[in-house]
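Protein chains in written order, with the working numbering: chain V, 7 to 817; chain U, 7 to 817.
Data first, discussion second: the structure below is written as structure tokens.
Protein chains: 2
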Amino acid sequence: MTDQTSMDLSTKYRSGANGTTEGRSSTVSTDDELLDIGDGRMEALGNWADLEEMEPKYSSSSNLMDTLEDLPSGIGQYEDFHTIDWLRDIARDRMRHRHITKKRQEGCWEKVLSAHDAWSGWVCVLLVGVAAGLCAGIIDIGATWMSDLKEGICKEAFWLNKEQCCWSANDTTYDDEGCSQWNTWSEILGAQTGKKAAAGGYIVKYLLYVLWAVVFAMLASMFVHSFAPYACGSGIPEIKTILSGFIIRGYLGKWTLLTKSVGMMLAVSAGLSLGKEGPFVHVAACCGNIFSYLFPKYGSNEAKKREILSAAAAAGVSVAFGAPIGGVLFSLEEVSYYFPLKTLWRSFFCALAAAFVLRSINPFGNDHLVMFYVEYNEPWYLQELIPFIFLGALGGLYGSFFNKMNIAWCRYRKNSKLGQYPIVEVLGVTLVTAILSYPNKYTRMNTSELIRQLFSRCGAEDKTMLCDYNRNSTSLSSYTSSTVAGDEVYTALWMLFLGLLFKGLITIFTFGIKVPSGLFIPSMAVGAIVGRIVGIGMEQLVVRNHDNPFFQNMCQSKQFCTITPGLYAMVGAAAALGGVTRMTVSLVVIMFELTGGLQYIVPLMLAVMTSKWVGDALGKDGIYDAHIALNGYPYLDSKKEFTHTTIAADVMRPRRNDPPLCVITQDSMTVEEVEAIFRDTSHNGFPVVLSSESQYLVGFVLRRDLMLAIANARKNQEGVVSNSIVYFSSQVPNNPNDPAPLKLRKILDMAPITITDQTPMETVVEMFRKLGLRQTLVTHNGRLLGIITKKDVLRHVAQLGNQDPESILFN
Amino acid sequence: MTDQTSMDLSTKYRSGANGTTEGRSSTVSTDDELLDIGDGRMEALGNWADLEEMEPKYSSSSNLMDTLEDLPSGIGQYEDFHTIDWLRDIARDRMRHRHITKKRQEGCWEKVLSAHDAWSGWVCVLLVGVAAGLCAGIIDIGATWMSDLKEGICKEAFWLNKEQCCWSANDTTYDDEGCSQWNTWSEILGAQTGKKAAAGGYIVKYLLYVLWAVVFAMLASMFVHSFAPYACGSGIPEIKTILSGFIIRGYLGKWTLLTKSVGMMLAVSAGLSLGKEGPFVHVAACCGNIFSYLFPKYGSNEAKKREILSAAAAAGVSVAFGAPIGGVLFSLEEVSYYFPLKTLWRSFFCALAAAFVLRSINPFGNDHLVMFYVEYNEPWYLQELIPFIFLGALGGLYGSFFNKMNIAWCRYRKNSKLGQYPIVEVLGVTLVTAILSYPNKYTRMNTSELIRQLFSRCGAEDKTMLCDYNRNSTSLSSYTSSTVAGDEVYTALWMLFLGLLFKGLITIFTFGIKVPSGLFIPSMAVGAIVGRIVGIGMEQLVVRNHDNPFFQNMCQSKQFCTITPGLYAMVGAAAALGGVTRMTVSLVVIMFELTGGLQYIVPLMLAVMTSKWVGDALGKDGIYDAHIALNGYPYLDSKKEFTHTTIAADVMRPRRNDPPLCVITQDSMTVEEVEAIFRDTSHNGFPVVLSSESQYLVGFVLRRDLMLAIANARKNQEGVVSNSIVYFSSQVPNNPNDPAPLKLRKILDMAPITITDQTPMETVVEMFRKLGLRQTLVTHNGRLLGIITKKDVLRHVAQLGNQDPESILFN
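So this is what it looks like as structure tokens:
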């Protein structure tokens, strides 16, 4: 049997695409009484959670069905874990649009409906943007509060976080000592005074820190495990796959949204080495999916829905970094597949709305959307490009090291017993993280806060260790210039170095555990530490050699050199993130929006480009593409060029020695014969030919449509029996002796995309990518020879990349 | 005869695509002795100017030809005014790439060549960026100097402009009076003292201003007329057409570059209501084209060359507005057609390099790339969204009014005698502009300078009329807040209003005259004037009603309200420009890069969106698309959705009553018969079929390739005579009695893109757009029925849009 558009694979997929969670579901099932059905749980859960929201509403889209000539309902929908047919979906939408435009003349109400339809895209992205902004605000506030909960609690109002608590008490400083309202756990447990007591207090704080971390992490992983297994990880690889035209029901449902939001707060608060910026994209995409069901135009058309999802992804990054333009470019560069100009505009609008809402919520109290917003004014010098390029190369090195290690560890997890104990793994990682990170103040603090400190200039009011410079004058201007560093700076450097080792390693084991986890923030932290270290080194080098002609233009006088170590930290962060994700333009724009200074684009761009080039030289894939490959998602990467010389005849099914292609003739098969084909094969669709001898192609019919039509006719149409002949032709002979014929021309796609057997595969791949095909028929001199499905193409690409084609698609 | 891929159209095109200049060439030929060949001049000029640079270098691309199986040279090139075949060009490039990769193993030199090939894209865009930055710097400096020349000259160093002149003399103010080195013409001509003399001096200045303007304008139009007729206009419509896959030889050649650069300086200096920002895109694209010939990978492959051109367009906007990100988005949103991610990265790199070079040149001496860079810090209030939306609506109204009027005037010019006197028209417009603009100081000044003044806040040091506020205190902080306006502000408002009327009207007649002219700056000036007027109105309204609860949050006290009229000017400028060009995201980003303040994105976005919606409601096309339609360029707009229900059978040639399609059989036609087809038809290509009875499609052969191959065989191949049979099949019978067969399978495209006759035209249009097809063959049940070329599609789109299909393509 040929493997043409095979349908039985859907069950394989069902367990396959859930690869990241499959190991667990069979073992840790006792703590979950909601749905205890063993291996099949995931699907059941998916179906259950999304019955209302994921199944398209036939009733509300009944006017669509009118235009589709009263076909039985359900035609034009997709099964779970199937590939969508973009051309067909977009054609369906145009048909719907024409129907509405035609009806507009009929009356006032139809005019209103038509206007509603025209505006619904904008309204939908506005709603999605507002929702994404709200979600981000709530998550930011919740995560801050819970993070502070690890250290203490506000005496009079437990719902306030540390900063708000101190603020409400009108204290001037936010240190543990200076804030009277804020009680650390050791204070509450009564261990305050005396030197010995202080040591005891430290131990109490330490233990409670670890305890809270473990509790938070356990809650997060249990939530994820019980309510929405899809909520783990960053979600970006899956969203890329979905946007490329794949159906994963429930991945963007409301339970996933809720679980991911709560799980993210808990996981961040647990002090794990992960960020909430990547998952924001998933959360925003969930909002996009949910709101698209308010508008049948988008909810019941998978291709159109992806326009909303692209915009939602932009909104996700917009709220994650306060960078609406960067978000749009991220969606364009990294996530989206089909990105028409209209989507560009709507993405921008959506990203803007989200940023506006988040700014109104103002979760960090600094009038900016992120904790680590900075503003530099100092110039940079041409000589500094050398360390910037060096940072870029380091970022590329780290990126490919991290990707290789992380993928190796994830593969080990999948193939070993470890994968069967996800909650235990989460607890283990949390325990190690909490125990090792508490003693070092730079790893103990919130990672966003660490990045903020590393990015910031040392202003007049800064008393942190990193800003302990030996300043001779106290004038304001001297604070912005570089001088000889004090001892505390060197202490801080050592602590940062230790923190770097710790963060660099623990992130490898953290990204991939079964809690919501992003790696923007940990990668940036690693890069920022390296950058700050290099920056301070450069600064001291210049300050000590300010007479050297090479450095002369950087120093006005002996005391006044303008080097900003914070800028190095930012460049380092961009380079590390670039090395891990291989983003370029969008990353630079995000960084640019974080600083608001156009002048740093050149350093950032150089570092990010170097990082990408170095990274690409050591390993082609970014972390998201690597995870897509690891999990075997059917993703046809539009970035990679297909450079082989194979032709369509090499790829099509049936192969040379296979049985011939399973086809339906246009006017000679009975209902019974067609039903026999359904039983014998599992193909998703069948070519219709003139006659089985000539094999000249007439059209293509989908299995799902054909089954529905036959079932419908058997039930409702008089005279249709097993002996009735199925006609796809326009002329149907009218013989009263024969059983009533079954006319199915209207479900026949008479314009299937065809190619010749000599077509180079690069053209075929291009057509699959750009037209969003699901399959194409292969002909030679007009005769049907075979079929190529998207999965055949993916298998072929994998094979040419020296990978096992089956492992690529179904692990 | 069917009109399939018709070639005879090229001559029609030749005069047609030059629509903007054709009227002139037959009449004003006396002042041009270089090339006086009447109507055919343009082609001659184009060919002459570009013989060396535009004709691909066959010699340097000989290694490419090796991989193409030693085909005769010239195969794979295009005629002038023809459409390119993207799929084929990209396939050719991959073949070349594979060839180089294969050769890499052979030795060190091949490794170097391979590395050079891999990097050549980056090197090329770097060179293009640097060149674009240099050109922009030179043009900026030259235009400033020449503009000042209209008023006076530097006494001791004539090559300095006014600002540099005063600077060199260490004068503190740049006014006419305060600068000792700068001599106005009236001073030089000796009319200084006394009241009467002052009046005389004014008249002298006025006359000399007009005189200089006329001289500059005449020089500009004569340069354009004599050296490069393609240098007139903004060039963006033509670049859009070229990027969509059309060949206009000489449009991006070095003569065009030189003429456009010089002509731009002259035209701007003449004080005409035009800008140099649009033409910067053309200049950058010329650089892109010229440098692409250094790299055969790009120079000899039209599809690949367009990647460089897209990047160059981004660089053009980058230097025009100092907005690299905006430039990339402009290229993506407005100009480019085929924009893969790799091009995104390279465009960004190119735009950055250009901006970096221009900043190093620092033409305006303000460390920014544009004259009107501003920095705001004041917040905006929610109530202000009402005037912002109002400004957006005004911008949309103005935009569609301007577009309609301008197109009507251009159409009148084409169809009347006016078009035959282009230089006279330029002189007339210049005379009117100079006479009317001198008395009003806001229209007399450089338009960029006007925009700068309108955008700027009134700082403490500002003594301009627009900043004459009644301030009670002299503290610094009071200067940034709004108070009651003084009398001079009202005078300024009246002058601005008159200037608005003048600029709004004269621009309609200016855009389209035969000098290099952009309309970014004039549109922005119109919008900025309206914005500033509305802004001052709003400011005074709030100041006078600061107790009104609606305005209360905008004023801290009676004297301190924070309204920035400059922000209104900026919003107005964005709205007007948006109304004219219908740009959205890129425009907002450009404005955002001009201000460097993320916080103004919401007002800008709202205004630009309103402007686009209002504009679209009144007329669909932006000015560039309107000019494309006016000139009949074969541009298949990818922004407009095709919403009709026609199918391929309605569009294909031959039509129902036409003679059958002209085909070649694969193994039964003689050389003579094929040559007869060449004589009788003008098609660009011929389908090859199994036999003329069955009409089953085998492949497609290009006329050019077939002619070259036959001519080549007749010359070099023994035994090939008129009776030889042309074989496209793989089996060639070996009969010694027959004349030697001519085997041409290797020039046969055995994978032509085919569709069925039932394919909806929306799918066909989609395929043409996304795959960059030149033609597609139409089949029914495997039999060849007809052909659809890109021009057929364009004609069909025009027809459905109720336009005369022939007028669209060939006027």
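Ideal Cβ placement from N, Cα and C applies to all residues, glycine included.
As the structure is a prediction and not an experimental result, all values here were calculated from the model.
Neighbourhood of residue i by C-beta distance below 7 angstroms, restricted to the same chain and skipping five residues each side
i, result
"U:Cys172", "Tyr180, Cys185, Gln187 and Trp188"
"V:Ile5", "Examination of residue 5 of chain V is not possible in this model, given that chain V is present from 7 through 817 alone."
"U:Val738", "Pro747 and Lys749"
Contacts that residue i makes with chain U (C-beta to C-beta distance below 7 angstroms)
i, result
"V:Met756", "Thr762 and Gln764"
"V:His103", "Thr649"
"V:Phe362", "Val608"
Same chain only: Cβ atoms within 8 angstroms of residue i, ignoring 5 sequence neighbours per side
i, result
"V:Thr415", "With the sequence shown as reference, residue 415 of chain V is identified as Trp, and Thr is not the correct amino acid for it. Same-chain partners within the cutoff: Ile514, Phe515 and Gly518."
"U:Leu433", "Val220, Ala223, Met224 and Ser227"
"V:Leu777", "Trp92, Leu93 and Ile759"
Residues of its chain near residue i, where Cβ-Cβ distance is below 6 angstroms and the 5 sequence neighbours each way are ignored
i, result
"V:Leu77", "Residue placement at V:Leu77 is poorly supported in this model, since its pLDDT is 49, which falls under 50; the coordinates still yield a value, given next. So the list is empty, once near-sequence residues are dropped."
"U:Val803", "none"
Cβ-based burial, residue i [other Cβ within 10 Å; buried from 16]
i, result
"V:Asn690", "buried"
"U:His122", "exposed"
"V:Lys752", "exposed"
"U:Trp165", "exposed"
"V:Ala55", "Residue placement at V:Ala55 is poorly supported in this model, since its pLDDT is 32, which falls under 50; the coordinates still yield a value, given next. Result: buried."
"V:Thr762", "buried"
"U:Asp493", "exposed"
Where residue i falls: helix, strand or coil (DSSP)
i, result
"U:Arg661", "coil"
"U:Lys211", "helix"
"V:Pro243", "helix"
"U:Trp188", "strand"
"U:Asp86", "coil"
"V:Ile253", "coil"
"V:Val274", "helix"
"U:His802", "helix"
"V:Arg450", "helix"
"U:Gly705", "strand"
"V:Pro385", "coil"
"U:Asp38", "Any reading at U:Asp38 must be qualified, since the residue scores a pLDDT of 32, below 50, and its modelled position is unreliable; the value itself is stated next. Of the three classes helix, strand and coil, the one that applies to U:Asp38 here is coil, per DSSP."
Cross-chain neighbours of residue i in chain U, by beta carbon under 9 angstroms
i, result
"V:Met675", "What V:Met675 touches in chain U: nothing, since even the nearest Cβ is about 17 angstroms away."
"V:Thr785", "Leu703, Thr760, Thr785 and Gly788"
Cross-chain neighbours of residue i in chain V, by beta carbon under 9 angstroms
i, result
"U:Glu339", "Leu347, Leu350 and Trp351"
"U:Pro609", "None at all; the shortest Cβ gap to chain V is about 11 angstroms."
Interface partners of residue i on chain V, CB under 7 angstroms
i, result
"U:Lys776", "Lys776 and Leu777"
"U:Arg100", "Thr649 and Glu768"
Within chain U, partners of residue i - CB distance below 8 angstroms
i, result
"V:Ala97", "Pro766, Glu768 and Thr769"
"V:Phe407", "The contacting residues do not exist; V:Phe407 stays about 23 angstroms from chain U at best."
Interface residues of chain V facing residue i [CB-CB closer than 8 angstroms]
i, result
"U:Val626", "Residue identity differs from the one stated: residue 626 of chain U is Lys in this sequence, not Val. Correct list: empty, because the minimum Cβ distance to chain V is about 14 angstroms."
"U:Met597", "Simply none; closest approach about 12 angstroms."
Which ranges would you report for the alpha helix (DSSP H) in the segment 497-569 of chain U if only whole runs of at least 4 residues count? 526-550
Could you tell me which whole beta strand (DSSP E) segments of length 3 or greater appear in the segment 108-180 of chain U? The DSSP assignment places 158-160 as complete runs of the beta strand (DSSP E) inside the segment 108-180 of chain U, in order along the chain (cut-off: 3 residues).
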